[in-house]
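As C-alpha cells, the structure follows; a few thoughts come after it.
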Amino acid sequence: MRVLRPTDEAIREASAALRTGLLVALPTETVYGLGADARNDAALKRLYEAKGRPTQHPVIVHLANADQIDEWAVDVPEAARRLAAQLWPGPLTMILRKAGFVSLSVTGGQDTVGLRIPSHPVARKLLLEFGGGVAAPSANKFGRISPTTADDVAHDFEEEVEIVLDGGTCEVGIESTIVDLTGDQLRILRPGMILPEQIEAIAGKVQRAPAPGSTTRAPGMLKSHYAPRTPTELVTSEKFSARLRELQSSGRKVCALTFQAQVGECAGLVVASVDPRRYAHELYGSLRKLDRLGADVILVESVPEDDAWSGVADRLKRAAADCSSRG
Ligand code: TXA
Ligand code: MG
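Heads up: take any position in the sequence shown, counting from 1, add 8, and you land on the working numbering.
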C-alpha cells in the first residue's frame, strides 16, 4: 500500500491501478471509499475480500458525470434527473433499475444499482481520469467505523490496497443519504446530511424509512454497523450523568461523547458540537479516538429527534446496537 498526495501524477497512477483491477482508496466528501473498476468482476471479488464483506451486499457505483446515469441505469424517473441536476455532485446516492450489463456482484444480486457523483475534488479528478464507474464502499473492514482520513484507511488495510489517495479529512463525515427511486414512493434507505426536506423540495414526497419488512439488502441497514470495538451505550440527556456514575461505581472504566462539558471525572471525554453538520463531521474521528482508550464502555448522549439529526442519530443507534440489545 502506498499513501500518496493527490498530485496529477498520483491520480494517473491510481487510475492505471484501477484499470488493471487493483484497489484504490479515494477521499470523498462523505467518507473514504475503497474503489474498484465496477466493470471488472475480478476487481470486485478482490474488493469484497479486502473488506470482508458478504457478497450479497451491494456497493455504490461512483461516476464523474450525470449523463452516465443512462449508461448504468434504465427506466430513470424524472425525479432522479431533477435530484441529479440539483444535488450532484454531492452526498446523495440514488437507487435505480440497473442496466443489463451491470454485474450482480455490484448489485448484490438485485436488479437495482446505487449511483453517486461525489463532490470531493480528488474523487472527481480520479473519476474523470478513469472515465468509468468505480464501485466504492466505505474503506473500512465490514461492520467497523468508516474512515474519514487516509490514516484511518491505512489502519484497516495492508497489501490488499494498492494506493490510498490522501485528500485530507472528509468534510461531511458520515455516508451519503441513500434514496430509493424504484418504488411507487421515494424512500430514504439511509439518512445522511442531504435531508428529506431537501429531496422533497426537488422531487416530491419522500418516506423517511425503508418499507417495513423490506428485504432490500444494504449493510448500513444492519442493526450493528459502524461499531467501535468498545461496547457503546446510548442514553438520553436526562439519564446521562446518573448512568455514568452507575457504571463507574460498578468499577467500569467509562469514556463519554456528550454535549455536556461538565460530566465529571471519566476516562476520556469528547464534548460534541450542537450543530448537526459539525457533529457529523467529527463523529467517526471521535468514536475512533474514544475506542483507542481501552475503556470498558463508551457512553454516548443521544441527539435531538429531528430531520437535521437523522443521519447522526442513525449512526449512533447502530454504533450502540450491540449494547442496547443486551439491555
Ligand atoms: O458516502 C457514501 O455513500 C460512501 C462513499 C465512499 O461514497 N460509500 C458507502 O458505501 O457508504 P457502503 O458500501 O459502505 O454503503 C453503501 C450502501 C450500503 O448500505 C449498500 O447496501 C447500499 O449503499 N446500496 C448500494 N447499492 C444498493 C442497491 N442496489 N439497493 C439498496 N442498497 C444499495
Ligand atoms: Mg460502509
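By construction, the Cβ of each residue, glycine as well, lies at the ideal position given by its N, Cα and C atoms.
Distance from the CA atom of residue 173 to the CA atom of residue 145, rounded to whole angstroms, is 15 Å. A heavy atom of ligand 2 is found nearer than 7 Å to the CB of residue 183. Three or more beta-carbon pairs separated by less than 8 Å are not found between the segment 201 to 217 and the segment 271 to 281, which leaves the two stretches without contact.
The alpha carbon of residue 267 has as its nearest neighbour, out of 302, 76 and 286, the alpha carbon of 286. Bounds of the beta strand (DSSP E) holding residue 279 are 276 to 279. Taking a C-beta distance under 8 Å as the contact criterion, residue 131 and residue 12 do not qualify as a contact pair. Under the three-state reduction of DSSP output, residue 71 falls in the coil class, being neither helix nor strand. Between residue 310 and residue 265, the beta carbon gap of about 10 Å keeps them out of contact (Cβ cut-off 8 Å). By the C-beta density criterion, residue 185 is buried, having at least 16 other C-beta atoms within 10 angstroms.
For residue 196, the beta-bridge partners assigned by DSSP are 187. Between ligand 2 and the CB of residue 218, the shortest heavy atom gap is not smaller than 7 Å. Taken in chain order, the unbroken stretches of alpha helix (DSSP H) that lie wholly in the segment 84 to 118 and span 4 residues or more are 86 to 95 and 112 to 115. For residue 58, the enclosing alpha helix (DSSP H) starts and ends at 49 to 59. Residue 282 counts as exposed, since fewer than 16 other beta carbons sit within 10 angstroms of its beta carbon. If the five residues before and after residue 27 are omitted, its C-beta is found closer than 6 Å to no C-beta atom of its own chain. As the crow flies, the alpha-carbon of residue 94 is around 42 Å from that of residue 301. Less than 8 Å separates the beta-carbon of residue 120 from that of residue 105. The bridge partners DSSP lists for residue 171 are 10 and 32. Residue pairing from DSSP places residue 45 in a beta bridge opposite 142. If the five residues before and after residue 47 are omitted, its C-beta is found closer than 8 Å to the C-beta atoms of 109, 111, 140 and 141, all from its own chain and listed in chain order. Per the Cβ contact rule, the segment 237 to 252 is in contact with the segment 303 to 319 (3 or more Cβ pairs under 8 Å).
DSSP, read as helix, strand or coil, puts residue 298 in helix.
Note that the segment 52 to 62 does not touch the segment 187 to 196; fewer than 3 beta-carbon pairs, one per stretch, sit closer than 8 Å.
The beta carbon of residue 328 sits closer than 7 Å to those of 240, 241, 242 and 308, all from its chain and outside the five residues before and after it, given in chain order.
The beta carbons of residue 67 and residue 77 sit no closer together than 8 Å. Exposed is the label assigned to residue 313, since fewer than 16 other Cβ atoms lie within 10 Å of its Cβ.
Residue 73 and residue 128 have their alpha carbons spaced roughly 13 Å apart.
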